[in-house]
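What follows is one structure encoded as structure tokens, with my remarks underneath.
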Amino acid sequence: MKLIKIKILTVISGLLTLNGLIMLFLGLCNQVDKSTHFLTTQQAITLDGYTDLTIFFGVLSIIVFGIIFFASWVKSKQAKAA
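Using our numbering, read the sequence shown as starting at 373 and increasing by one per residue.
Following this line, the structure appears as structure tokens:
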């Protein structure tokens with residue numbers, strides 16, 4: 373019974389991942405269409421300094437979270453091994 377439950381959850385997870393990849397692809401196609409629209413209408417997208425800082429801190433926070441998660445995972449593995 374447990375194996376069937378794991379298989380069902382794996383299939384659901386795979387379908388959700390596939391759905392997410394399809395949505396990302398369609399969003400990318402939509403962005404390409406909109407960038408062509410910007411070029412044809414002679415409009416430019418301007419980024420201010422706050423946007424660059426927001427992107428930088430977002431990437432930095434993801435990296436820090438990953439390091440903290442990995443460190444806690446290693447500690448839990450060591451505690452289980454002892």
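We treat Cβ as the ideally placed atom computed from N, Cα and C, and that holds for glycine. Remember, predicted model here, so these are calculated numbers, not experimental data.
Measure the C-alpha to C-alpha separation of residue i and residue j and round it to an integer number of angstroms.
i	j	result
ILE376	VAL383	11 Å
GLN415	PHE397	Because GLN415 carries a pLDDT of 49, less than 50, the predicted location of this residue cannot be relied on, and the following value inherits that uncertainty. So the two alpha carbons sit approximately 25 Å from each other.
GLY399	LEU393	10 Å
TRP445	GLY430	22 Å
LYS452	VAL436	24 Å
PHE442	ASN391	27 Å
LYS374	PHE428	43 Å
ILE434	ILE380	30 Å
LEU387	GLN403	24 Å
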